[in-house]
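Residue numbers (my numbering): 242 to 818.
Built from N, CA and C at the ideal position, the CB exists for glycine as well.
Worksheet for the structure shown next.
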RNA sequence: GUCUCCGUAGCUCAGCAGGAUAGAGCACCAGAUUCCUAAUCUGGGGGCCGUGGGUUCGAAUCCCGCCGGGGACACCA
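Here it is in structure tokens:
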């Protein structure tokens, strides 16, 4: 157990062994609920287990009695300084300093790989952003981008093989509207009046943002007036493809500015043109889950133009949805949902049994049917992480509108104002499914109010010490580390592997941000303890052995800070001046 | 009307797949700076965890109702 990275997992193994000796043959679902957790209160030791309370009823024993039995067995284990029963049946464990200190060489040898989960040899696909290719990214997309990216990193850290994917919705009516809006800019670039044309467009010019002006100009330069007064059929596809590819370039630039890189960009159009939709639906047809039918009108307020229609429907109610969902319109063409089924089928077919979609909260009504579809397709699991809306606040007032896009706060504007690190970290300080206010004032503050600075400052302080110190060594004698502040820091460090595991399983990258904040706090506390008590300073010229132990602790702190920041995609700064 | 997310300190939020005395930051009050970076630290006040039931050894956490807020609700993508 001494060499294990995750002391909590190792200790859980010991607890389960001890439990088996006391109460043999407990069912697996009971054992699965046994956990070994860090304690909140130092008076309760380093770790606590609920084993006795969980096992009491199925074993037909009194929890306190079982706890006493566990205490007896566990007290004899190497590395456990003290075990005691407490409260209704907790067993509190105090680890020997030797066991705790033995983790320092483990961290120093592993470097950034510390906390890396064992390879699960399991692929997982995380789809995020997937903004329509009709304009620049805005703050609404930003949250999904940051959460999806950090979640991907987290899953990788936990041992999954992750594919980061972007789904380009380039097959629907929206990209046609984009093409028409670009056509208007094209006419303007040719110094022609677009009014007459706009009259002929059903919805008018949908995308009026100034960002389309250069696209219109580029088309004017490329084609001259060749398409100036010709029917849509002549130019619509050409303009659409041109505009979409330019939009994707722009979106990739926006993402790059945030430090987000996808592995795969999937095109809806390509999927549709290759017959992917029918291929995907084939699986469902084979299972008899597609039928022709008429949906009930929605309960409550019925839309005015509602009329019964016979359509092809997917029996999603078989898999927990509220009503069956249309996959084809009354004219026979496929709905967006059909395309999306096909897309998810495609992801499954590429070898990913587990899928994650990071979506905006406005897709909330969509998750049941998509989960139903995936379950029907592969029996696999689809997790949907919904990101609630972000309101950007400045001086207590909501900020809105951008010059270029015309409707929303552009992602670029936000990054230009506060930088990618603050944007990422602050977004990750909130759970994705809670609404959040993004406070520009706090993001720009260089104080404790701003958690990014707080954490980066801790790392910079580590580096500052290490620059002035002899090289750290995993071979040092760490037994001189005894101060409460030092041990508190060490105790925090060893929870990192467990945190990675838990945060990944619950798909909650925000836990990493909170962990880093607490780790930084422990480090700042130790640092300041050294101000009051010079004996606690890291570098002591006349005591090389103690200095070596302490720089080991500092180096380990820097390693964990850095790997946590790497998960969040935030730069670990070397110094702050 | 249905579905879904949310409601924790004056403000912004955590609370780790039910667990011990509910935690941070900001704001407020009182302290620490000849020092490895005070962009930091130490201490203090401040809570019917929206509300009413239920489940159990134990509920902020799980279940049901209600109140309040966000979002989505036939062929749009």
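Inter-residue Cα distance where the pair is residue i and residue j
i	j	result
residue 690	residue 683	6 Å
residue 732	residue 271	28 Å
residue 567	residue 554	4 Å
residue 668	residue 250	30 Å
residue 514	residue 347	53 Å
residue 445	residue 439	6 Å
residue 698	residue 760	12 Å
residue 497	residue 450	22 Å
residue 871	residue 406	One cannot answer for residue 871 here, as it falls past the ends of the chain, which runs 242 to 818.
residue 638	residue 603	24 Å
residue 523	residue 616	15 Å
residue 631	residue 382	9 Å
residue 556	residue 696	50 Å
residue 528	residue 611	17 Å
residue 777	residue 628	44 Å
residue 355	residue 442	59 Å
residue 753	residue 625	19 Å
Best match in the options for proximity to residue i [C-alpha to C-alpha]
i	options	result
residue 821	781, 661, 757 and 761	Residue 821 cannot be examined here, being either before or after the span of the chain that is shown, 242 to 818.
residue 736	481, 798, 747 and 681	798
residue 725	676, 460 and 283	283
residue 247	303, 769, 741 and 599	741
residue 857	743, 538, 455 and 681	Any answer about residue 857 is impossible in this case: the structure gives the chain only from 242 up to 818.
residue 389	353, 305, 577 and 369	369
residue 403	524, 341, 777 and 596	596
residue 779	708, 292 and 507	708
residue 831	734, 777 and 661	A question about residue 831 goes unanswered here, because the residues of the chain that appear run from 242 up to 818.
residue 817	791, 701 and 696	701
residue 585	269, 608, 572 and 573	608
residue 422	447, 600 and 372	447
residue 671	722, 756 and 730	756
residue 686	675, 673 and 664	664
residue 301	269, 263, 323 and 314	263
residue 436	299, 656, 458 and 470	470
residue 673	704, 538 and 391	391
residue 573	559, 560, 550 and 583	550
residue 734	462, 794 and 464	794
residue 479	716, 493 and 460	460
residue 363	344, 380, 371 and 398	398
Environment of residue i [buried if 16+ CB atoms lie within 10 Å]
i	result
residue 692	buried
residue 548	exposed
residue 426	buried
residue 367	buried
residue 505	exposed
residue 788	buried
residue 813	buried
residue 810	buried
residue 243	Interpretation of residue 243 is limited by its pLDDT of 42, a score under 50 that renders its predicted location unreliable; no figure is taken from the coordinates.
residue 750	buried
residue 481	buried
residue 532	exposed
residue 316	exposed
residue 290	buried
Sequence-distant residues of the same chain with beta carbon closer than 6 Å to residue i, five excluded per side
i	result
residue 360	400
residue 534	554
residue 342	719
residue 679	631 and 633
residue 738	246, 247 and 356
Cutoff 7 Å; reference residue i; Cβ partners in own chain excluding five residues on either side
i	result
residue 329	294 and 304
residue 658	681
residue 489	374 and 409
residue 468	475 and 476
residue 704	799, 815 and 816
Cβ neighbours of residue i in the same chain (closer than 8 Å, five flanking residues each side left out)
i	result
residue 365	396, 401, 402, 403, 404, 593, 595, 596 and 597
residue 569	552, 553, 575, 576 and 579
residue 352	800
residue 589	596, 615, 618, 619 and 621
residue 587	507, 512, 517 and 521
residue 349	713, 714, 715, 793, 796, 797 and 800
Distance cut-off 7 Å: residue i Cβ against heavy atoms of the ligand GDP
i	result
residue 482	Summarising the ligand content, the structure contains no ligands, and the ligand GDP is consequently not present.
query: Does the segment 400-418 touch the segment 427-436, meaning 3 or more C-beta pairs lie closer than 8 Å?
result: Short answer: they don't touch.
field: Meets three-Cβ-pair contact criterion under 8 Å: the segment 365-384 and the segment 334-344
entry: Flag = no, the segment 365-384 and the segment 334-344 do not touch.
query: Would you call the segment 250-257 and the segment 268-285 in contact, with 3 or more CB pairs under 8 Å?
result: Taking 8 Å as the limit for Cβ pairs, the verdict is that the segment 268-285 does touch the segment 250-257.
query: For the segment 579-598 against the segment 608-625, are there 3 or more C-beta pairs whose distance is under 8 Å?
result: Under the 8 Å Cβ criterion, the segment 579-598 counts as touching the segment 608-625, having at least three qualifying pairs.
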